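Each remark here refers to the structure printed beneath this line.
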Amino acid sequence: MNNRNRGKNTGDDTLFSSQKQIDKLKLAIQDMKYLLSRNYAEKASSELVGNHYRLKARQIQALRGASASESQIQNRKNKELQILNLKDKTIYLDGFNVLILLESLFSEAYIFEGIDGCFRDLSGVHGTYKRVNQTQKAIELVVVFFQKSQVAKLIWIFDQPVSNSGRIKEIILDFAKENNLDWNVELEFNPDRFLVENAEIIVSSDAWILDHSKNWFNLVKYLINEEKLSVNLVKMF
Numbered sequence: 026m027n028n029r030n031r032g033k034n035t036g037d038d039t040l041f042s043s044q045k046q047i048d049k050l051k052l053a054i055q056d057m058k059y060l061l062s063r064n065y066a067e068k069a070s071s072e073l074v075g076n077h078y079r080l081k082a083r084q085i086q087a088l089r090g091a092s093a094s095e096s097q098i099q100n101r102k103n104k105e106l107q108i109l110n111l112k113d114k115t116i117y118l119d120g121f122n123v124l125i126l127l128e129s130l131f132s133e134a135y136i137f138e139g140i141d142g143c144f145r146d147l148s149g150v151h152g153t154y155k156r157v158n159q160t161q162k163a164i165e166l167v168v169v170f171f172q173k174s175q176v177a178k179l180i181w182i183f184d185q186p187v188s189n190s191g192r193i194k195e196i197i198l199d200f201a202k203e204n205n206l207d208w209n210v211e212l213e214f215n216p217d218r219f220l221v222e223n224a225e226i227i228v229s230s231d232a233w234i235l236d237h238s239k240n241w242f243n244l245v246k247y248l249i250n251e252e253k254l255s256v257n258l259v260k261m262f
């Protein structure tokens with residue numbers, strides 16, 4: 026194992042820790058909600074709002090992730106399932122979305138609770154996934170959910186074009202075999218479309234997936250509350 030993690034970027038404390046910055050972000054997200062609800066484009070809206078509040082690039086990135094229109098919020102709320110709805114069901118995980126978010130959480134990076142109630146981070150794979158010190162702990166936390174929810178089967182879906190996706194597939198399958206878990210891991214060239222077309226219940230915080238899914242479960246919210254996780258949380262609304 027190396028010494029990599031998904032912790033804060035230099036300057037993140039300045040951007041996200043003070044009440045002044047958080048209050049500014051809360052005002053910005055209300056403006057974003059207003060614009061998105063009137064069908065303004067996300068990119069143009071975030072640039073307009075970002076300029077108005079003099080936000081930095083990572084603040085705008087957080088703002089985009091946490092924003093949604095009124096109709097998106099209602100649509101997502103209508104399809105959100107509770108833990109009791111998952112018993113004996115097959116659940117599909119948006120692999121990198123879930124894994125990297127949990128790695129970031131354990132790395133004490135800032136985690137952002139969006140206006141839709143989902144949790145997001147500022148990390149990404151950028152074409153290559155690199156295992157970090159917190160990867161194993163993140164996978165083990167999914168086991169906690171798997172056992173407590175009494176889910177019948179868990180299927181991880183990863184982006185095949187991302188470098189090292191085959192390696193993380195092997196790691197998770199080996200772990201599942203060692204611990205007698207009914208898990209499967211699949212690599213897909215277009216995982217987002219695969220998930221919305223094939224899964225009855227999805228775990229993801231990806232906006233497009235949430236908008237097009239049949240049903241979804243807010244895994245990170247459940248784990249934070251159930252396991253009383255310590256989180257560098259920024260509530261964006």
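The number in my numbering is simply the position in the sequence shown, starting from 1, with 25 added. C-beta atoms are modelled at their ideal positions from N, C-alpha and C, and glycine is treated no differently. In this text, all values refer to a predicted model and were calculated from it rather than measured experimentally.
N257 to L130 span [Cα, whole Å]: The sequence position of residue 257 within the sequence shown is 232, counting from 1. The sequence position of residue 130 within the sequence shown is 105, counting from 1. Straight-line Cα distance between these residues: approximately 7 Å.
Alpha carbon of N27 to alpha carbon of N158, nearest angstrom: Residue mapping note: residue 27 aligns to position 2 of the sequence shown, counting from 1. Residue mapping note: residue 158 aligns to position 133 of the sequence shown, counting from 1. Here N27 scores only 49 on pLDDT, less than 50, and its place in the model should not be relied on; the value that follows carries that caveat. A direct Cα-Cα distance of roughly 7 Å separates N27 from N158.
Reference I111; option with closest CA among K178, S43 and N122: Position 86 of the sequence shown, counted from the first residue, corresponds to residue 111. Looking at the sequence shown, residue 111 is not Ile but Leu. The closest CA to that of L111, considering only K178, S43 and N122, is found on K178.
Pairwise C-alpha distance: Q97 and V168: If you number the sequence shown from 1, residue 168 lands on position 143. If you number the sequence shown from 1, residue 97 lands on position 72. Going by the C-alpha atoms only, they are around 30 Å apart.
Neighbourhood of K49 by C-beta distance below 7 Å, restricted to the same chain and skipping five residues each side: Locating residue 49 in the sequence shown gives position 24, where the first residue counts as 1. Take K49, set aside five residues on each side of it, and the residues of its chain with a beta-carbon closer than 7 Å to its own are Y78, in chain order.
Closest residue to N240 among S255, E222, Y247 and Y135 (Cα-Cα distance): On the sequence shown, residue 240 is found 215 positions in, with the first residue counted as 1. Of S255, E222, Y247 and Y135, the residue nearest in Cα terms is E222.
6 Å CB neighbourhood of N209 in its chain, flanking five on each side removed: Sequence index remark: in the sequence shown, residue 209 carries index 184 (1-based). Within the same chain, N209 has close Cβ partners I180.
CA-to-CA distance, F171 to S229, given in whole angstroms: Taking the first residue of the sequence shown as 1, we reach residue 229 at position 204. Taking the first residue of the sequence shown as 1, we reach residue 171 at position 146. Per the coordinates, the alpha-carbon of S229 lies some 15 Å from the alpha-carbon of F171.
Same chain only: Cβ atoms within 7 Å of Q86, ignoring 5 sequence neighbours per side: Looking up residue 86 in the sequence shown gives position 61. So the qualifying residues of the chain are L147.
Classification of F214 by the beta-carbon crowding that lies within 10 angstroms, buried from 16 upward: Position 189 of the sequence shown holds residue 214. By the neighbour-count rule (16 or more Cβ atoms within 10 Å), F214 is not buried but exposed.
Assigned secondary structure, S188 (DSSP; H/G/I helix, E/B strand, else coil): Counted from its first residue, the sequence shown places residue 188 at position 163. If DSSP states are grouped into helix, strand and coil, S188 belongs with the strands.
K162 versus G32 - alpha carbon distance: On the sequence shown, residue 162 is found 137 positions in, with the first residue counted as 1. On the sequence shown, residue 32 is found 7 positions in, with the first residue counted as 1. Rounded to the nearest angstrom, the two C-alpha atoms are 15 Å apart.
Cβ-based burial, T153 [other Cβ within 10 Å; buried from 16]: For the purposes of this step, residue 153 is identified with residue 128 of the sequence shown, where counting begins at 1. Exposed.
Simplified DSSP assignment, three categories, for M26: Position 1 of the sequence shown, counted from the first residue, corresponds to residue 26. Low local confidence applies: a pLDDT of 43 at M26 is under 50, so the model's placement there is unreliable, and no value is given.
Same chain, Cβ closer than 7 Å to L244, neighbours up to 5 away in sequence not counted: For the purposes of this step, residue 244 is identified with residue 219 of the sequence shown, where counting begins at 1. If we look at L244 and ignore the five residues flanking it on each side, its Cβ neighbours are V123, F170 and V228.
6 Å CB neighbourhood of Q44 in its chain, flanking five on each side removed: Mapped onto the sequence shown, residue 44 falls at position 19. Answer for Q44: no residue qualifies.
Pair within 8 Å by beta-carbon distance, A66 and I140: Counting from one through the sequence shown, the residue named residue 66 turns up at place 41. Counting from one through the sequence shown, the residue named residue 140 turns up at place 115. No, these two residues do not count as a Cβ contact at 8 Å.
As assigned by DSSP and simplified to three states, the class of N257: The residue you call residue 257 lines up with position 232 of the sequence shown. In the structure shown, the three-state DSSP call for N257 is strand.
Own chain, CB closer than 6 Å to L198, minus 5 neighbours either side, in chain order: For the purposes of this step, residue 198 is taken as the residue at position 173 of the sequence shown. Exclusion of the five residues before and after L198 leaves V210 as the residues of its chain whose Cβ lies within less than 6 Å of its Cβ.
F262: first and last residue of the uninterrupted alpha helix (DSSP H) it sits in: As a working note, residue 262 is residue 237 in the sequence shown. Looking at the DSSP string, F262 is not in any alpha helix (DSSP H), and its letter there is neither H nor E.
Cβ-Cβ distance between R29 and K155 below 8 Å: Taking the sequence shown and counting its residues from 1, the one referred to as residue 29 is at position 4. Taking the sequence shown and counting its residues from 1, the one referred to as residue 155 is at position 130. Yes, these two residues count as a Cβ contact at 8 Å.
For S70 and L61, believed in contact at Cβ under 8 Å, the rounded distance: Sequence index remark: in the sequence shown, residue 61 carries index 36 (1-based). Sequence index remark: in the sequence shown, residue 70 carries index 45 (1-based). Cβ atoms of L61 and S70 come within 8 Å of each other, at about 6 Å.
Those runs of the alpha helix (DSSP H) which lie wholly inside the region 159 to 225 and span at least 4 residues: Fully enclosed alpha helix (DSSP H) runs of 4 or longer: 160 to 174, 190 to 203 and 216 to 223.
Assigned secondary structure, Y78 (DSSP; H/G/I helix, E/B strand, else coil): Position 53 of the sequence shown, counted from the start, is the residue given in the question as residue 78. If DSSP states are grouped into helix, strand and coil, Y78 belongs with the helices.
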